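The structure under discussion appears below in the form of structure tokens.
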């Protein structure tokens with residue numbers, strides 16, 4: 011009896027991404043059926059609906075990919091959402107008020123993310139501070155800095171060539187460039203995580219930091235790099251956020267932490283570190299975007315999305331914990 | 047000495063692959079301090095765990111206060127009056143002394159905890175024992191010695207009739223030991239039965255009435271302390287027949303160069319002024335009892351823990367080792383006694399573990415050359431005869447002996463010249479053990495130098511060319527293999543100075 015149960019659990023964990031993909035498809039079908047019933051006269055299956063799902067997935071995807079690296083080390087970063095906002099505010103302010111060229115502003119956005127990543131990384135890896143507390147503090151700092159920089163004014167990005175990053179209309183045909191860029195970004199992340207020294211050490215640090223340190227590896231440096239990658243990707247996320255939503259309000263962004271971390275954990279990355287799946291993260295992000303858009307489509311407020319996401323995260327983390335205990 | 051209060055007779059206990067206790071007897075009388083002695087792994091702790099119900103015995107009887115008993119957990123034993131004072135203190139540092147003593151059975155006033163009453167009761171208890179401690183003091187602010195007193199007071203407050211002290215003096219200062227002995231004598235006066243586990247020969251002579259010696263899970267004998275000498279006890283502890291061939295002469299050339307020289311190494315309480323030399327092709331055994339500071343010495347040398355002072359020379363050149371990276375760069379590899387925690391990353395593959403210390407050699411641009419990595423791992427799987435279906439196997443799926451080989455492979459891939467093997471055969475079955483021995487001899491013959499820390503006397507005598515003996519953080523002896531005997535090693539290992 012126990013043996014069989016063990017077996018099926020093992021199988022489930024092995025097909026984690028597959029299961030997740032099924033969940034995604036089922037949810038999509040569910041929304042497609044329920045939307046016309048809940049809100050007569052509307053349909054879920056439309057081009058604009060798909061676009062709005064993707065739009066949410068772009069910036070969230072990069073946030074989630076970034077935090078995957080940090081979670082893989084066994085740490086956590088709660089500052090990514092506000093850092094994204096902060097980066098968008100600072101670069102947007104420089105663009106609209108100081109007249110810097112758009113290209114420079116996009117780079118500055120990434121730079122702001124890197125700076126926050128460095129601060130988090132140095133404090134956690136070299137200072138030995140808990141990542142939970144460190145990133146919570148830098149979350150507050152990021153919120154404050156963004157607001158101060160714009161004198162608590164919101165920033166609206168004007169249109170420009172950078173909007174082609176999300177969709178490019180060539181000869182009347184609209185190409186969803188955003189999804190291509192997100193997939194390329196994810197592929198690069200997967201290569202970094204699985205084929206390079208950074209990724210190897212990050213995963214091993216998450217599994218057994220002491221054994222890695224006693225092998226003569228500079229664990230502090232590699233751990234710090236995970237936070238820097240995370241920060242840089244939060245800066246990239248900021249670019250996609252402004253491209254889609256144009257206006258950024260000061261003092262916010264923290265709700266995206268939850269969505270990003272949830273996407274990552276849902277995708278099979280273990281909160282204990284050592285195990286990470288970029289593909290899983292990507293599917294997790296799309297599921298969350300689908301929930302976000304789908305629940306609004308049914309005429310409910312987005313607060314319901316939080317409830318459902320929360321429940322899914324609990325189930326996934328519990329399953330992860332169970333399988334871990336079993337393998338011990 | 048009064049009547050017999052506790053008799054353990056013919057206690058037998060086996061774990062898979064190990065006969066931990068082989069028909070052991072122990073008799074404790076009222077008003078007696080009874081020493082329980084033996085080398086590391088002789089079975090003292092296992093015997094006490096059987097007594098207090100942590101382990102279930104396979105055979106034998108325990109008679110306590112005239113009745114046969116079998117406790118199913120320490121709580122039951124405690125309720126019956128048998129209490130252990132552990133070497134590691136189980137105290138909550140942020141609570142007060144009184145709160146610690148009454149933990150789990152707080153004195154209540156209605157629904158609220160009555161701290162005042164607990165303080166009064168604790169004070170009464172301390173007065174009875176002649177201990178001067180303020181019950182309202184926060185536990186973590188007391189010295190280790192005082193904390194130990196609290197632990198004893200807590201034990202006694204359970205109406206204990208038999209108290210087991212598990213190496214109580216290991217962390218205490220001279221003055222604190224004096225105070226501890228005063229309390230123990232006082233308890234003896236009150237007709238309690240006391241079991242005293244210690245490695246310190248001098249203490250045994252001072253405080254105990256009888257001594258029972260165990261060896262390799264078996265019962266050797268019981269002596270009246272007054273009538274025996276330190277040598278009698280040592281002979282009983284080590285008087286085993288060594289089946290494996292001990293080394294009789296050093297395999298190292300007399301003119302072999304010194305590859306590693308450690309001078310006046312100090313690190314915390316456990317490494318005090320340790321100096322030694324290691325020659326090319328030598329296996330240098332580090333012997334000593336539990337807590338002698340051997341692992342601590344190795345870790346300080348390797349840079350795993352900070353050192354306070356001391357110089358390290360490699361091939362005659364002074365090196366500054368601050369962190370493991372420095373040690374590895376200087377060609378030192380460290381095989382930890384705790385493989386799972388410090389040696390391997392269990393949920394990664396054999397290949398990934400094998401190249402952990404030298405990944406930079408397996409890069410093709412920014413990418414890891416997995417083909418080259420797998421080849422290197424496979425080479426050492428073959429060379430060390432690691433039993434695995436492939437190098438992509440997760441290390442967690444291997445047996446202890448094969449995991450150990452993966453750790454050794456990690457350092458061989460790195461091509462380290464100085465290897466520190468800390469308990470290399472702990473938790474490994476007999477077959478794999480002899481394979482590791484063969485491997486170590488081969489490595490030494492190839493010119494690698496090995497420091498082998500071992501708690502097994504037979505292992506020390508079988509493998510070492512030279513033996514350093516430590517006791518309580520200090521080097522207390524150095525013997526060539528030609529002159530080394532079990533008795534001489536044990537002598538040095540119990541030498542307090």
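Protein chains in written order, with my numbering: chain A, 11 to 338; chain B, 47 to 543.
Ideal Cβ positions, reconstructed from N, Cα and C, are used throughout, including at glycine.
In this text the structure is predicted, and so the values were computed from the model without any measurement.
Residue i at chain A interface by Cβ criterion, 8 Å
| i | result |
| --- | --- |
| residue 393 of chain B | yes |
| residue 62 of chain B | no |
| residue 506 of chain B | no |
| residue 590 of chain B | Residue 590 of chain B is absent from the structure shown; chain B starts at 47 and stops at 543. |
| residue 370 of chain B | yes |
| residue 498 of chain B | no |
| residue 403 of chain B | yes |
| residue 374 of chain B | yes |
| residue 495 of chain B | no |
| residue 350 of chain B | yes |
| residue 387 of chain B | yes |
| residue 456 of chain B | yes |
| residue 400 of chain B | no |
| residue 47 of chain B | no |
| residue 101 of chain B | no |
| residue 445 of chain B | no |
| residue 413 of chain B | yes |
When the options are compared against residue i, the one with the closest alpha-carbon
| i | options | result |
| --- | --- | --- |
| residue 103 of chain B | B:61, B:390, B:140 and B:400 | B:61 |
| residue 49 of chain B | B:254, B:238 and B:189 | B:238 |
| residue 238 of chain A | A:327, A:45 and A:208 | A:208 |
| residue 115 of chain A | A:266, A:96 and A:133 | A:96 |
| residue 306 of chain A | A:265, A:49 and A:32 | A:49 |
| residue 293 of chain B | B:71, B:52, B:512 and B:517 | B:512 |
| residue 324 of chain A | A:304, A:166, A:175 and A:278 | A:278 |
| residue 361 of chain B | B:332, B:403, B:323 and B:474 | B:323 |
| residue 202 of chain A | A:256, A:293 and A:287 | A:287 |
| residue 270 of chain A | A:52, A:86 and A:51 | A:86 |
| residue 618 of chain B | B:475, B:295, B:407 and B:284 | Residue 618 of chain B falls outside the range modelled here, since chain B spans only 47 to 543, and no answer is possible. |
| residue 453 of chain B | B:169, B:541, B:482 and B:177 | B:482 |
| residue 199 of chain B | B:258, B:137, B:245 and B:248 | B:137 |
| residue 537 of chain B | B:335, B:202 and B:300 | B:335 |
| residue 53 of chain B | B:84, B:88, B:110 and B:91 | B:110 |
| residue 195 of chain A | A:266, A:256, A:235 and A:247 | A:247 |
| residue 312 of chain B | B:89, B:521 and B:101 | B:521 |
| residue 190 of chain A | A:32, A:78 and A:292 | A:292 |
Contacts around residue i, its chain only, beta-carbon distance under 6 Å, and the 5 residues preceding and following it disregarded
| i | result |
| --- | --- |
| residue 94 of chain B | 210 |
| residue 241 of chain A | 123, 124, 126 and 127 |
| residue 243 of chain A | 72, 75 and 76 |
| residue 265 of chain B | 70 and 71 |
| residue 341 of chain A | Here chain A covers residues 11 to 338 and nothing more, so residue 341 of chain A does not appear. |
| residue 343 of chain B | 317 and 320 |
| residue 133 of chain A | 139 and 144 |
| residue 303 of chain B | 326 |
Presumed contact (8 Å Cβ cut-off) between residue i and residue j, rounded CB distance
| i | j | result |
| --- | --- | --- |
| residue 393 of chain B | residue 284 of chain A | 6 Å |
| residue 329 of chain B | residue 221 of chain B | The Cβ separation is near 41 Å, so there is no contact. |
| residue 85 of chain B | residue 261 of chain B | 7 Å |
Own chain, CB closer than 8 Å to residue i, minus 5 neighbours either side, in chain order
| i | result |
| --- | --- |
| residue 301 of chain A | 37, 315, 318 and 319 |
| residue 364 of chain B | 357 and 358 |
| residue 122 of chain B | 99 |
Proximity test, Cβ basis, 8 Å: residue i and chain B
| i | result |
| --- | --- |
| residue 332 of chain A | no |
| residue 115 of chain A | no |
| residue 284 of chain A | yes |
| residue 222 of chain A | yes |
| residue 218 of chain A | yes |
Close-in-space but distant-in-sequence residues of the same chain around residue i (CB under 7 Å, 5 per side omitted)
| i | result |
| --- | --- |
| residue 463 of chain B | 305, 377, 494 and 495 |
| residue 388 of chain A | Nothing can be reported for residue 388 of chain A, as the shown portion of chain A is limited to 11 through 338. |
| residue 89 of chain A | 126, 130, 145, 148, 149 and 152 |
| residue 233 of chain B | 209 and 240 |
Heavy atom of the ligand FAD within 7 Å of residue i beta-carbon
| i | result |
| --- | --- |
| residue 44 of chain A | The ligand FAD is not part of the structure shown, which contains no ligands of any sort. |
> Whole alpha helix (DSSP H) runs in the region 401-485 of chain B with 4 or more residues, listed along the chain?
Replying inline: 416-429 and 446-459
| request: Please go through the region 280-333 of chain A and give each complete alpha helix (DSSP H) segment of 4 or more residues, from N-terminal end onward. | output: 288-307
**Runs of beta strand (DSSP E) lying entirely within the region 224-259 of chain B, each at least 3 residues, in chain order** = List check, beta strand (DSSP E) in window: 239-243.
> If you scan the region 106-150 of chain B from start to end, which runs of the alpha helix (DSSP H) of 4 or more residues do you find wholly inside it?
Replying inline: Entirely contained in the region 106-150 of chain B, the alpha helix (DSSP H) runs reaching 4 residues are, in chain order, 120-126 and 143-147.
Which whole runs of the beta strand (DSSP E) in the region 290-314 of chain B are 3 residues long or more, in chain order? Within the region 290-314 of chain B, the complete beta strand (DSSP E) runs of at least 3 residues are 304-313.
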